[in-house]
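Counted the way our numbering counts, the sequence shown spans residues 1 to 367. Only one structure is covered here, and it is reproduced in the block below.
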Amino acid sequence: MVNKQLKLILVSTPIGCLGSGKGGGVELTIISLIKGLILLGHKIILIAPKGSKLPFESELLEIKLIDGIDQPSWQHQNKTDPVIIPSNSVLPKLWEAALDLANQADAVINFAYDWLPLWLTKTQGIKIFHLISMGAESLIMKEIISEISHLFPFQLAFHTKIQSKDYDLKTDPIIVGNGFDKKNYLYNKNENGPLGWAGRIAPEKGLEDAVRVANDLGEKLLVWGLIEDKEYASKTENIFKKEIIEWKGFIPTNKFQEQLGRCRALINTPKWNEAYGNVIVEAMACGVPVIAYDLGGPGELIEDGFNGFLVKPNDIEGMIKATKLVSKIKRKNCRDWFEKKATNKVFAERVENWLNKGLNKNLSAEF
Ligand code: UDP
Numbered sequence: 001m002v003n004k005q006l007k008l009i010l011v012s013t014p015i016g017c018l019g020s021g022k023g024g025g026v027e028l029t030i031i032s033l034i035k036g037l038i039l040l041g042h043k044i045i046l047i048a049p050k051g052s053k054l055p056f057e058s059e060l061l062e063i064k065l066i067d068g069i070d071q072p073s074w075q076h077q078n079k080t081d082p083v084i085i086p087s088n089s090v091l092p093k094l095w096e097a098a099l100d101l102a103n104q105a106d107a108v109i110n111f112a113y114d115w116l117p118l119w120l121t122k123t124q125g126i127k128i129f130h131l132i133s134m135g136a137e138s139l140i141m142k143e144i145i146s147e148i149s150h151l152f153p154f155q156l157a158f159h160t161k162i163q164s165k166d167y168d169l170k171t172d173p174i175i176v177g178n179g180f181d182k183k184n185y186l187y188n189k190n191e192n193g194p195l196g197w198a199g200r201i202a203p204e205k206g207l208e209d210a211v212r213v214a215n216d217l218g219e220k221l222l223v224w225g226l227i228e229d230k231e232y233a234s235k236t237e238n239i240f241k242k243e244i245i246e247w248k249g250f251i252p253t254n255k256f257q258e259q260l261g262r263c264r265a266l267i268n269t270p271k272w273n274e275a276y277g278n279v280i281v282e283a284m285a286c287g288v289p290v291i292a293y294d295l296g297g298p299g300e301l302i303e304d305g306f307n308g309f310l311v312k313p314n315d316i317e318g319m320i321k322a323t324k325l326v327s328k329i330k331r332k333n334c335r336d337w338f339e340k341k342a343t344n345k346v347f348a349e350r351v352e353n354w355l356n357k358g359l360n361k362n363l364s365a366e367f
């Protein structure tokens, strides 16, 4: 190992336990990053809500589970809503546990998109790093992220450039992308499968547009993901009299990738500034081209005409046209792109660089 071994405390999302799907893409980000950091020889203490499960064990990994009530997610609140901390909330408890152990660690990494850990950064001797997982969905979050950027610019990182543009930052943003364990995704060369869509079933993910595309092509749409908004799911299911959606449920990565890999294309239809878009890269890892709206992360993951197509947001006609052309994309390009840009190893190396940069800066006054 070239670099010094770091002792790191990782604090998980407070929105749900790892494996529940409630935390969205952040859950897999944490799991992949832990594996990547362990591969690089670092020591990890993971602090996560009770019920969290990791699909592997390691001598370099210790897990502390904390009981408490889930935090509400910012993406379903209004822009000007205040910070909410429910009674018996898991969020402050995760942080009490983290700060109790902080003197044994080189750094703490926060994965919660929430106000408290960001604010705590100002009060602690230990360096708290934040991997920001969403665009600016709320004013108070935008304010605190901007404040931390001005005080400790090297302690913030983002998944994509376009996501970071939502915030008023002191310096150029540190972009770490995301990463996935390549052993978990098998390349599938079959070009003739069905159309797929994956994500939380919630309005900001725009499933209804993919349903319209499948309907126009006279096909079924295979849909994977946690139903977060039941009313929205049922409305989307009933847009057409004909049954278009084939619900596949929320399933673990090994099954998900196997089923996803059989698709000839993944349709991705965000209606918000998608911070990254894990499912896009997971599809590409299996060799599945992705046709996505150019809104947020997809614009930095899809090279138009190489590993998929980018379509103007909300342009359903454009989506239909691009879907008809999907056989022009070589499935091998998708896997190659993934192996080069988004394995958990390259992700962990980018995170390691970020941490080293942040740890070697002494005073916020330098900036
Ligand atoms: N996912 C899963 N099983 C499923 C469908 C989805 O584990 O059946 C996971 C997928 O691996 C991804 C996450 O759900 O990590 C969705 O993350 P994404 O970044 O696409 O969107 P987010 O929910 O964070 O907005």
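Built from N, CA and C at the ideal position, the CB exists for glycine as well.
- Using a Cβ-Cβ distance cut-off of 8 Å, the region 103 to 120 and the region 161 to 178 are not in contact, since fewer than three pairs of beta carbons, one from each stretch, lie closer than that value.
- Non-local C-beta neighbours of Asp304 in its own chain, meaning closer than 6 Å and more than five positions away in sequence, comprise Leu310, ordered along the chain.
- When Cβ pairs closer than 8 Å are counted between the two stretches, the region 36 to 45 is seen not to touch the region 287 to 299, the count staying below three.
- In the three-state DSSP reduction, Pro55 falls in the coil class, being neither helix nor strand.
- As the crow flies, the alpha-carbon of Asn192 is around 7 Å from that of Cys263.
- For Asn344, the CB stays at least 7 Å from every heavy atom of the ligand UDP.
- Here Ala233 carries a helix assignment [DSSP, helix/strand/coil].
- The beta carbon of Lys161 lies closer than 7 Å to those of Pro173, Ile175, Glu300 in the same chain, with the five residues before and after it left out.
- Relative to the non-hydrogen atoms of the ligand UDP, the Cβ of Thr253 comes within a distance shorter than 7 Å of at least one.
- With 16 or more other Cβ atoms inside 10 Å of its own Cβ, Ile148 counts as buried.
- DSSP, reduced to helix, strand and coil, places Pro203 within a helical segment of the structure shown.
- Look at the beta carbons and you see the region 8 to 26 touching the region 93 to 111: at least three pairs across the two are nearer than 8 Å.
- Using a 10 angstroms sphere on the CB of Lys324, the tally of other CB atoms stays under 16, which defines it as exposed.
- In the DSSP annotation of this structure, the continuous segment of the alpha helix (DSSP H) that includes Lys321 starts and ends at 316 to 324.
- Distance check between Tyr187 and each of Asn333, Glu237, Gly25 places Asn333 closest, using alpha-carbon atoms only.
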